[in-house]
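Structure, as structure tokens:
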Amino acid sequence: MELRPIGIMHTPYKTAGDAPFQGRSSSETCEIEIFKEYEDGLKDIDQCSHLILLYWLDRADDCVLQTRTPFDTDVHGVFATRSPNRPNPIGFHVTELIERKENVLRIKGVDALDKTPLIDIKPYSTGIDVIGDANIGWFKKATEGDQMDGNSYRKNIEELIRKGDLKRLLEKTGELHGHFCSHSAYGVKAGYIAMRELGITNTGMEEIVAIVETNNCFSDGIQMVTGCTFGNNSLIYRDYGKTAVTVAKRDGKAIRIALNPDYEESSAENHPEANALFEKIVVRREKPTPEESARMMQLFKEAALEVLDVDADEVFRIERKTITIPEYAPIFASVRCSICGENVMETRVRIRANKLVCIPCAGDEHYAMCGDGIYVER
Ligand SMILES: [Zn+2]
Ligand SMILES: [Zn+2]
């Protein structure tokens, strides 16, 4: 068996330490030079958006059968990894073809070292090559973590924040919020800006607090992206009726992000059809046709996606400041109500005829929150 190199790869990586673990994570542009005698084989290659490149990793160690990868500490058989060190050190990479200029292909991101011999090119196709549910067990475990283990619950969200993947963050918010809309997208965007600015990971143990000034769709985007929620005591609600949030670290370093009224108005003017449907279906509660409902949701989704792409300074007014944030939420003892027998946080107990009773049994007025905001319920 004899392999003939068909070309040579020009990449920025001189040593193994320079090259990325996965070419997919590199955005460097590289050039693949095909030897003149093989140039006829490139006919129609410019019709291929993506290519599978096979190359000979000439500086690899070809005696290795088991190896560790950068992703975990376990030893794996080389054939269960993409380690460059293997009996036949063939490198494999799916890449985007940027352009062909005669015998040179400009491609995006590859993990090969400079001057690596190229042995073959094949076109890549989603129709032929994608198997949606394929996965590598050990790799999935190493990179996604066990969702029920330790502090990895928000790992995927933190990863999306790190990558700046606002679209996936909006989709995650949709799982909580139930629909796509521009205000939840404002929340996603504001939450993202705050998390990037404060540079902190949140495990839901009050490392940060978010102070929202509205209880509309916006606050669900904030809860999903920042991880500050009603239930983990790091979401503070100020009933100001403003689409705004302040996210603060425990040292008081804070950022307040408020929807720019000019942007809000121009956005309303730019979506007349969505607004007319919203007025009819949501504001006036008139019964819509199924087509009208579907159309409104579609327009909402388009408007939400649009928000993600607009310049942050256009959408928001952003202010950095230092604030005093509340102490960690105190833990109170429970007391049993002498009338209904249910347990009540001790700070909520009332005394009636020398007996400890809960608020509903006492018939006392109390705060409640509804779509309208906070009110005193009697
Ligand atoms: Zn909404
Ligand atoms: Zn009671």
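Taking my numbering, the leading residue of the sequence shown gets 273, the next gets one more, and so forth. Cβ atoms here follow ideal geometry from the backbone N, Cα and C, with glycine treated the same way. No experiment lies behind these values; they were computed from the predicted model shown.
Bounds of the alpha helix (DSSP H) holding Ser539 are 533-542. About 7 Å separates the beta carbon of Asp334 from that of Arg358, a gap short enough to meet the 8 Å contact definition. The beta carbon of Tyr639 sits closer than 7 Å to the beta carbons of Ile646, Val648 from its chain, once the five residues preceding and following it are set aside; these are given in chain order. Contact check for Thr345 against Ser355 fails: the beta carbons are separated by 8 Å or more. 8 Å or more divides the Cβ of Leu275 from the Cβ of Ile393. The three-state secondary structure of Ile433, taken from DSSP, is helix.
The C-beta of Ala526 has 16 or more other C-beta atoms within 10 Å across all chains shown, which makes the residue buried.
Between Gly459 and Gly493, the gap from beta carbon to beta carbon is short of 8 Å.
Annotation: Glu478 is outside any alpha helix (DSSP H) and is labelled neither H nor E by DSSP. Burial is judged here by how many other beta carbons sit within 10 angstroms of a residue's own beta carbon; Val497 has at least 16 and is buried.
For the 8 Å CB-CB criterion, Val629 and Arg620 do not form a contact.
Proximity of the beta carbon of Ile611 to ligand 2 is indicated: a heavy atom of the ligand is located closer than 7 Å. Per the C-alpha coordinates, the member of Leu438, Glu618, His449 positioned closest to Ser606 is Glu618. Asp511 carries a coil assignment under DSSP once its states are collapsed to helix, strand and coil. Relative to ligand 1, even the nearest heavy atom lies 7 Å or more away from the CB of His543. Secondary structure of His455 (DSSP, three-state): helix. Relative to ligand 1, Cys642 has its C-beta separated by 7 Å or more from all heavy atoms. Proximity to ligand 1 was defined by a C-beta distance below 5 Å to any of its heavy atoms, and the residues meeting it, in sequence along the chain, are Cys453, Ser456, Cys489. Counting only residues of its own chain and dropping the five nearest sequence neighbours on each side, Pro277 has a CB closer than 8 Å to the CB of Phe307, Trp328, Pro389, Leu390, Ile391. Taking a 10 Å sphere around the C-beta of Ser506, we find 16 or more other C-beta atoms and assign the residue as buried. Here Asn615 is bridged, per DSSP, to Arg608. Fewer than three beta-carbon pairs drawn from the region 532-542 and the region 464-472 are found closer than 8 Å, and the two stretches are therefore not classed as touching. Relative to ligand 2, Val607 has its C-beta separated by 7 Å or more from all heavy atoms. In the three-state scheme derived from DSSP, where H, G and I count as helix and E and B as strand, Glu649 is classed as strand.
Around the beta-carbon of Gln319, fewer than 16 other beta-carbon atoms lie within 10 Å, marking it exposed. Taken through DSSP and simplified to helix, strand or coil, Glu274 comes out as coil.
In the same chain as Ser456, and ignoring 5 residues on each side of it, the C-beta atoms closer than 6 Å to its own belong to Thr445, His449, Cys489, Asp492, Gly493, in chain order.
DSSP, reduced to helix, strand and coil, places Tyr464 within a helical segment of the structure shown. By the beta-carbon neighbour count (other beta carbons within 10 angstroms, threshold 16), Cys453 is buried. DSSP, read as helix, strand or coil, puts Pro562 in helix.
About 16 Å separates the CB atoms of Ala566 and His543; that is not less than 8 Å, and the two are not in contact. With respect to the C-alpha of Asp312, the residue from Glu374, Asn360, Val582 having the closest C-alpha is Glu374. Distances from the alpha-carbon of Asp583 to those of Ala462, Lys521, Lys627, Arg557 put Ala462 closest.
Per DSSP, the unbroken beta strand (DSSP E) holding Asp392 starts and ends at 388-395. Of the heavy atoms belonging to ligand 2, none sits nearer than 7 Å to the Cβ of Val621.
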